[in-house]
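Shown next, in structure tokens, is the structure this report addresses.
Protein chains: 2
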Amino acid sequence: MYMLSYPILAKAADDERLAALAKALAHPARLKILALLARTPGCIGGDIVQAVGLAQSTVSEHLRILKAAGVIEGQIDPPRVCYALAPGALAPLAELIGALEAASGDPACCVTPDNT
Amino acid sequence: MYMLSYPILAKAADDERLAALAKALAHPARLKILALLARTPGCIGGDIVQAVGLAQSTVSEHLRILKAAGVIEGQIDPPRVCYALAPGALAPLAELIGALEAASGDPACCVTPDNT
DNA sequence: TTCGGCTATCGTCGTTAAACGATTTATAGA
DNA sequence: TCTATAAATCGTTTAACGACGATAGCCGAA
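Protein sequence lines, in the order shown, are assigned to chains W and U.
Going by our numbering, the residue at position 58 of the first sequence is 46; the numbering climbs one at a time, nothing skipped.
Going by our numbering, the residue at position 116 of the second sequence is 104; the numbering climbs one at a time, nothing skipped.
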């Protein structure tokens, strides 16, 4: 386990970045695409379109969003494009979640102890 | 390294759930709220409003979204409401990210080996 | 050079999200 | 009872998202 170096967030810019990363995952179709890429040993071109069951233009847009967020990378293989997961891209988000989970242990809240 | 028990996703319902969880994190203001709750030993009522710098109604809406996603819990302390992080709520998302990161190791892609 | 398969982009439409002010509700204390 | 405070809700406006069809660009193969 890492020695958590995060101050649980601080700069607004970090919030923006992390929010953008989370937004990339915030759609079923994009999760499906990521799962597909994770499961596929090689890569796939337009098979993604068929797998997610949406129009080609829609899938292309989702791919663009994932690429813009840095979650996937596209490499051109002549007639098609090969997409792959970008290693480490989601690490900041994982760190954030880890920090939040770690901090959610103590409910030393405003509870008046006698409110049974 | 874990023996991954997750099939990296399968059901569409899972995608929906995970996407909803990610969407809860997909906004800077909400991240700020979560960070504040994580950092605050006790709880806070309207201090959140001041901290995020948005209108009270807007913050209330963000809190509602976080609560609906199960990421936070609100407990009524008479004049105010005490919010706290919900332990374990983000675990499924953390698992997903872990699975994706674990799978992003092999770029055994469509690369034609001779493309320098 | 022409054809055909893949991608990406454009324009559009309907839906959802974000933000605000104003209002309502609930409760503690005067 | 009345008042003040905190939180939620309502109604509205603006912006962003999601999805699609149609179109344009790019190579490989014929």
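Ideal placement from N, C-alpha and C gives every residue a C-beta, glycine not left out.
Every value quoted in this text rests on a predicted model; they were computed, and no experiment measured them.
Separation of residue j from residue i, as counted between CA atoms
i                 : j                : result
Glu83 of chain U  : Arg52 of chain U : 25 angstroms
Thr28 of chain W  : Ile85 of chain W : 26 angstroms
Ser92 of chain W  : Gln63 of chain U : 15 angstroms
Pro16 of chain W  : Ala7 of chain W  : 17 angstroms
Thr46 of chain U  : Ala1 of chain W  : 20 angstroms
Cys112 of chain W : Arg5 of chain U  : Residue 112 of chain W lies beyond the stretch modelled for chain W, which goes from -11 to 104, so this question has no answer here.
His50 of chain W  : Ala87 of chain W : 29 angstroms
Pro101 of chain U : Ala39 of chain U : Reliability fails at Pro101 of chain U, whose pLDDT of 39 lies under 50, so the model's placement of it is uncertain and no value is given.
Ile36 of chain U  : Gly76 of chain U : 22 angstroms
Leu43 of chain U  : Gln44 of chain W : One detail in the question is off: residue 43 of chain U reads as Ala in this sequence, not Leu. Rounded to whole angstroms, Ala43 of chain U to Gln44 of chain W spans 41 angstroms at the Cα level.
Ser48 of chain U  : Ser48 of chain W : 36 angstroms
Contact check, residue i vs residue j, beta carbons under 8 angstroms
i                 : j                : result
Leu165 of chain W : Glu89 of chain U : Outside the modelled stretch of chain W, which goes from -11 to 104, sits residue 165 of chain W, for which no answer is possible.
Ala14 of chain U  : Ala10 of chain W : yes
Gly41 of chain U  : Arg68 of chain U : no
Leu54 of chain U  : Ala12 of chain U : yes
Below-8 angstroms beta-carbon distance, residue i vs any chain U residue
i                 : result
Pro101 of chain W : Bear in mind that a pLDDT of 42 at Pro101 of chain W, under 50, signals an unreliable position, so the number given afterwards is only what the model happens to contain. Judged by the 8 angstroms Cβ criterion, Pro101 of chain W is not in contact with chain U.
Ala56 of chain W  : no
Gly93 of chain W  : yes
Ile85 of chain W  : yes
Pro80 of chain W  : no
Leu42 of chain W  : no
Asp35 of chain W  : no
Ala108 of chain W : Only positions -11 to 104 of chain W appear in this structure, which leaves residue 108 of chain W out of reach.
Thr104 of chain W : Residue placement at Thr104 of chain W is poorly supported in this model, since its pLDDT is 34, which falls under 50; the coordinates are not used for a value here.
8 angstroms Cβ cutoff, residue i in contact with chain W
i                : result
Leu51 of chain U : no
Glu89 of chain U : yes
Leu0 of chain U  : Looking at the sequence provided, one finds Ala at residue 0 of chain U rather than Leu. Chain W, which has a Cβ nearer than 8 angstroms to the Cβ of Ala0 of chain U, makes this yes.
Pro67 of chain U : no
Leu6 of chain U  : yes
Presumed contact (8 angstroms Cβ cut-off) between residue i and residue j, rounded CB distance
i                : j                : result
Leu73 of chain U : Ile60 of chain U : 6 angstroms
Residue nearest to residue i in terms of C-alpha spacing, selected from the options
i                : options                              : result
Asp3 of chain U  : W:Ile21, W:Asp3, W:Lys(-1)           : W:Ile21
Ile32 of chain W : W:Asp65, W:Gly76, W:Pro75            : W:Asp65
Ala23 of chain W : U:Leu24, U:Ala43, U:Ile36, U:Lys(-1) : U:Lys(-1)
Closer than 7 angstroms: residue i CB and nearest the ligand GDP heavy atom
i                : result
Leu81 of chain U : In the structure shown, the ligand GDP is absent, as is every other ligand, since no ligand is present at all.
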